[in-house]
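>
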Amino acid sequence: MPTSINLPLIDRLAVIGVGLIGGSVASALKERGLVGHVVGCARNMQTLDMAMERGLIDSSTTNVGEAVSRADVVLLATPVGTMTSLLPQVGEALQTGAILTDAGSTKRRVVDIARNALADQFEHFVPGHPVAGSESSGPAAARPDLFVNHWTVLTPTAETNPASIQKITQLWERIGSHIKIMEVDAHDRVLGMTSHLPHIVAYALVSQLAQQIDQDECLALAAGGFFDITRVAGSDPVMWRDICLDNKEITVELINAYQTILDRIKNSITESDGESLEGLFKAAKLLRNRLETIKTESKN
22 MPTSINLPLI DRLAVIGVGL IGGSVASALK ERGLVGHVVG CARNMQTLDM
72 AMERGLIDSS TTNVGEAVSR ADVVLLATPV GTMTSLLPQV GEALQTGAIL
122 TDAGSTKRRV VDIARNALAD QFEHFVPGHP VAGSESSGPA AARPDLFVNH
172 WTVLTPTAET NPASIQKITQ LWERIGSHIK IMEVDAHDRV LGMTSHLPHI
222 VAYALVSQLA QQIDQDECLA LAAGGFFDIT RVAGSDPVMW RDICLDNKEI
272 TVELINAYQT ILDRIKNSIT ESDGESLEGL FKAAKLLRNR LETIKTESKN
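Taking our numbering, the leading residue of the sequence shown gets 22, the next gets one more, and so forth.
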């Protein structure tokens with residue numbers, strides 16, 4: 022006899038955007054017996070066919086209203102630019118009392134548009150962001166353990182229904198994620214620093230390599246450090262375009278601050294100021310070591 026933790030948490034889940042994140046959520050819930058039926062929705066039938074073949078979803082449609090209309094929980098897992106354009110359609114089709122959540126990497130614009138698009142149903146919108154992923158994308162990359170021991174940030178507003186927050190919290194916790202509650206704007210600033218800016222730096226480094234005359238030699242001799250720091254440049258360009266534009270003000274502010282640090286490093290090198298250069302590197306090393314300690318402790 023199954024234990025209560027394995028009883029279905031959701032009767033019918035609609036996943037709008039059956040890519041890496043949406044497909045992994047569906048896969049994780051199905052593997053653990055936490056969902057009765059998953060309907061996947063995407064613009065591309067090839068994506069839906071792949072999701073069906075892999076057993077990520079039970080049925081499929083390209084019609085957002087059809088996917089949403091009978092679901093008791095809806096997960097928006099598209100790029101944020103697409104997400105904001107879909108919210109009015111979702112709002113029209115959402116059942117009374119059904120819960121809507123999302124997996125977007127930025128929150129302010131999504132929340133503002135959702136408030137207007139969902140009207141009275143806005144109280145059942147629980148904004149979310151699973152801080153997990155891969156440089157791979159699409160349903161072929163989805164896996165049920167993607168969120169295990171990773172954070173999921175929820176950014177409910179003052180209007181959000183507590184029971185809806187509890188349901189979405191249970192969803193993420195039961196597929197292995199740790200929950201952190203944050204204010205919307207605090208989320209966008211912190212994730213701008215820890216996720217969005219590093220992706221921009223990775224794309225910039227690879228773009229710089231592409232401009233080198235000896236590009237082939239650079240590629241052949243690129244060592245572990247270059248691969249480590251640029252791994253995320255293999256991520257979905259459309260998704261990261263949308264994230265940068267959606268979090269524009271904070272992103273530009275962070276780029277300016279980063280450029281200031283690069284200028285300090287450049288000036289230290291230009292002036293042969295080894296003491297200043299070493300001091301900056303030492304301070305960075307100490308903070309990086311602290312980050313490793315925090316990461317190790319969070320796994321225990």
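Glycine included, each C-beta is placed from N, C-alpha and C at the ideal position.
Look at the Cβ atom of ILE78, then the Cβ atom of VAL39, and state whether they are nearer than 8 Å.
It is a contact, given that the beta carbons lie within the stated cut-off.
> What is the DSSP secondary structure of LEU226, reduced to helix, strand or coil?
Helix, per DSSP.
> Mapping DSSP to helix, strand and coil, what is GLY281?
Reading the sequence as shown, one finds Thr at residue 281 and not Gly. Note: THR281 maps to helix in three-state DSSP.
> Please name the residue or residues paired with ARG33 in a DSSP beta bridge.
DSSP, once it has assigned bridges, lists HIS58 as partnering ARG33.
> Counting pairs of Cβ atoms below 8 Å between the segment 227-244 and the segment 127-140, do you hit three or more?
The answer is no - the segment 127-140 does not touch the segment 227-244, with fewer than three Cβ pairs under 8 Å.
> Would you mind giving the Cβ-Cβ distance between LEU69 and GLY61, rounded to the nearest angstrom? I have them listed as a contact below 8 Å.
Between GLY61 and LEU69 the Cβ distance is about 6 Å, and since that is below 8 Å, they are a contact.
> Any heavy atom of the ligand MG within a distance shorter than 7 Å of the CB on LEU301?
In the structure on display, the ligand MG does not appear, and there are no ligands present to speak of.
> How many angstroms separate the CA atom of LEU283 from the CA atom of ALA119?
Near 48 Å, if we compare the C-alpha coordinates of ALA119 and LEU283.
> Find out if the Cβ-Cβ distance for the pair GLY112, GLN142 is shorter than 8 Å.
Result yes, Cβ atoms of GLY112 and GLN142 sit closer than 8 Å.
> Looking only at its chain, what residues have a beta carbon closer than 7 Å to the beta carbon of ALA345, apart from the 5 residues adjacent to it on each side?
In the structure displayed, the chain extends from 22 to 321; residue 345 sits before or after that span and is not available.
> How is ASP267 classed by DSSP in three states: helix, strand or coil?
Reduced to three states, the DSSP call for ASP267 is helix.
> If contact is defined by three or more beta carbon pairs under 8 Å, each pair taking one atom from either stretch, is the segment 277-294 in contact with the segment 179-186?
Touching, no, given that fewer than three Cβ pairs across the two stretches are closer than 8 Å.
> Within a Cβ cutoff of 6 Å, which residues of the same chain sit near ILE196, ignoring the five residues on either side of it in sequence?
Here the set comprises ALA49, PHE168.
> Write down every uninterrupted run of the beta strand (DSSP E) in the segment 59-89 whose length is 3 residues or greater and which is fully enclosed by it, in chain order.
If we require 3 residues or more, the beta strand (DSSP E) runs fully inside the segment 59-89 come out as 80-82.
> Quick one: grab the DSSP three-state call for GLY295.
Here GLY295 sits in helix by DSSP.
> With distances taken Cα to Cα, identify the nearest neighbour of GLY149 among PRO165, ALA98, GLN110, SER158.
The shortest C-alpha separation from GLY149 is found at ALA98.
> Pull up the distance between the alpha-carbon of MET214 and that of GLU274, whole angstroms please.
Distance between the alpha carbons of MET214 and GLU274 is about 10 Å.
> Under 8 Å between the Cβ atoms of LEU41 and SER155?
Contact flag set, yes.
> Grab the span of the alpha helix (DSSP H) containing THR173 for me, first residue to last.
No alpha helix (DSSP H) holds THR173; the beta strand (DSSP E) holding it covers 172-175.
> With a 10 Å radius around its C-beta and 16 neighbouring C-beta atoms as the bar for buried, classify ASN268 as buried or exposed.
That one is buried.
> Given GLN191, which residues of its chain have a CB within under 7 Å of its CB, disregarding the five upstream and five downstream residues?
Only LEU30 meet the Cβ criterion.
> Whole alpha helix (DSSP H) runs in the segment 132-195 with 4 or more residues, listed along the chain?
Qualifying alpha helix (DSSP H) stretches, in chain order: 183-195.
> Starting from LYS51, follow the alpha helix (DSSP H) in both directions and report where the run begins and ends.
Residues 41-52.
> Indicate the three-state DSSP secondary structure (helix, strand or coil) for ASP249 in the structure shown.
Reduced to three states, the DSSP call for ASP249 is helix.
> Give the straight-line distance between the Cα atoms of LEU257 and GLU194, rounded to the nearest whole angstrom.
According to the sequence displayed, residue 257 carries Asp and not Leu. Distance between the alpha carbons of ASP257 and GLU194 is about 26 Å.
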